[in-house]
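Below: the structure, in structure tokens.
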Amino acid sequence: MSETPEEPAGPHRVIGTPFPAPKAVDVHVEPTEPAFSAEPPAPRHADNAERLVAALFILAFLAGVAFIWAFVAIEVGVSTIPKGANPVVAAMRSNYALGTTLSVALLALGAGSIIWVRHLTPNIEIEEERHDLPSEPQDRQAFSRDFAEGAAISQVTKRPLMRRTLLLATAPLALAPLVLLRDLGPLPQTDLRHTVWRKGLKAVTLGGLRPLRSADLATPGSMITVIPEGYQDDANALAKAGVILIKFAPGELHIPTNYNGGTLVSTMNWTVDNIVAYSKICTHVGCPVALYEQTTHHILCPCHQSTFDAANGANVIFGPAPRALPQLPLMVDADGYLAAASDFTQPVGPSFWERG
Ligand code: FES
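For the sequence shown, our numbering begins at 8 and goes up steadily by one.
Below is the structure:
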């Protein structure tokens with residue numbers, strides 16, 4: 008005897024719709040007020056809106072299919088693009104196709120959803136009463152009782168040896184994050200405030216490691232990068248010690264002065280024959296400043312366009328750098344070469360370190 012398959016309970020469900028209501032059971036339900044009462048939109052208006060929404064959803068579907076096609080069909084790899092084709096152009100073409108199709112798909116989907124909500128669903132204001140947040144006294148009592156019972160069952164209150172050894176076991180784990188701080192390395196101490204420059208250390212050219220006399224920068228407007236002699240292989244030292252020398256014509260350079268309460272205290276003349284030395288490390292985020300405009304005396308940082316006035320203590324005149332490029336005091340040593348008269352008097356590089 009063949010068995011006939013059982014009829015599914017309830018009506019057939021259509022994909023994309025909620026589950027159908029279960030078969031009616033014989034229970035008497037008091038009629039209630041509908042949860043939301045609002046006028047439905049006019050049928051003609053609703054039909055037009057539905058057609059528009061459907062068109063947008065179809066557009067979204069087509070754009071989605073096009074996105075997948077573009078991803079699969081437009082080759083970007085050097086080994087997969089046609090011979091002789093430019094890989095940059097191929098990548099650009101792929102990006103345009105992917106971006107356009109995805110944008111259209113998302114835009115159409117969003118627009119369709121908005122029209123659906125605004126023109127097909129009723130405009131209803133719903134208020135929800137806020138309830139008091141504190142629990143009822145009996146709930147709190149029940150919680151306290153359950154907690155005490157749980158503690159008693161776990162024996163944590165009755166067995167002090169176990170409790171104390173548990174606390175002991177967890178103590179090192181609580182301290183573990185502090186121990187991990189050691190991996191950050193030794194504290195920098197004052198290293199970040201100093202460079203290897205010191206009195207008498209010669210400035211040598213970056214390329215040829217040649218010491219310089221002031222006569223070597225005879226032409227006003229010239230700029231040259233120098234490093235401290237003997238440190239050409241010390242990357243750590245060079246990271247902070249790069250310096251630019253700039254030669255000025257007589258009268259062009261404004262020597263910074265130091266006033267206290269309106270009284271001239273000192274003239275900070277750290278130059279030699281109108282040659283001035285500034286740190287090469289930008290005070291913004293540390294890029295090497297590399298460009299010098301002879302006519303305006305501006306030093307430019309190529310990273311974010313900070314501009315420093317070389318004729319006025321390398322003060323910032325434009326850009327995000329928060330302070331002037333530190334100046335290296337210059338002198339002529341016993342051999343007649345340009346050398347440092349001391350280390351920088353301010354930390355070089357990003358001003359973050361000054362705040363530490
Ligand atoms: S690093 Fe120089 S402007 Fe940002």
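Where a beta carbon is used, it is the ideal one built from N, C-alpha and C, also for glycine.
- Taking 8 Å as the upper bound for CB-CB distance, valine 211 and valine 233 are in contact here, some 6 Å apart.
- The distance from the Cβ of aspartate 350 to that of arginine 205 is about 6 Å, consistent with a contact at the 8 Å cut-off.
- By the Cβ rule, the region 61-72 counts as touching the region 109-118, because three or more pairs are nearer than 8 Å.
- In this structure, DSSP gives phenylalanine 78 a helical state, which the three-state scheme calls helix.
- Taken from the Cβ of histidine 261, every heavy atom of the ligand FES lies 7 Å or farther away.
- When the five nearest sequence neighbours on each side are left out, the beta carbons in the same chain lying within less than 6 Å of the beta carbon of isoleucine 231 are those of Leu252, in order along the chain.
- By the CB criterion at 8 Å, lysine 254 and serine 229 fall inside the cutoff.
- Counting the other Cβ atoms within 10 Å of the Cβ of proline 336 gives 16 or more, which makes it buried.
- In this structure, serine 286 has its beta carbon at no less than 7 Å from each heavy atom of the ligand FES.
- With respect to tryptophan 277, alanine 222 sits apart: the two C-beta atoms are not nearer than 8 Å.
- Annotation for leucine 109: Phe74 place their beta carbon closer than 6 Å to its own, counting only its chain and skipping 5 residues before and after.
- Shown here, phenylalanine 150 sits in a helix according to DSSP, grouped into three states.
- Runs of the alpha helix (DSSP H) spanning 4 or more residues and lying entirely within the region 283-355 do not occur at all.
- Here threonine 290 is buried, its C-beta having at least 16 other C-beta atoms within 10 Å.
- Excluding five sequence positions before and after valine 355, the CB atoms of its chain that fall closer than 7 Å to its own CB belong to Thr202, Lys247, Ser286, Ile288, Pro333, given in chain order.
- Annotation for aspartate 280: Ser221 place their beta carbon closer than 7 Å to its own, counting only its chain and skipping 5 residues before and after.
- Taking 8 Å as the cut-off, the beta carbon of alanine 92 is found no closer than this to the beta carbon of valine 83.
- Alanine 248 has its Cβ no nearer than 7 Å to any heavy atom of the ligand FES.
- Not one heavy atom of the ligand FES is found less than 7 Å from the C-beta of glutamine 301.
- Going by DSSP, proline 179 is part of the alpha helix (DSSP H) stretching over 167-187.
- The closest heavy atom of the ligand FES lies less than 7 Å from the beta carbon of histidine 311.
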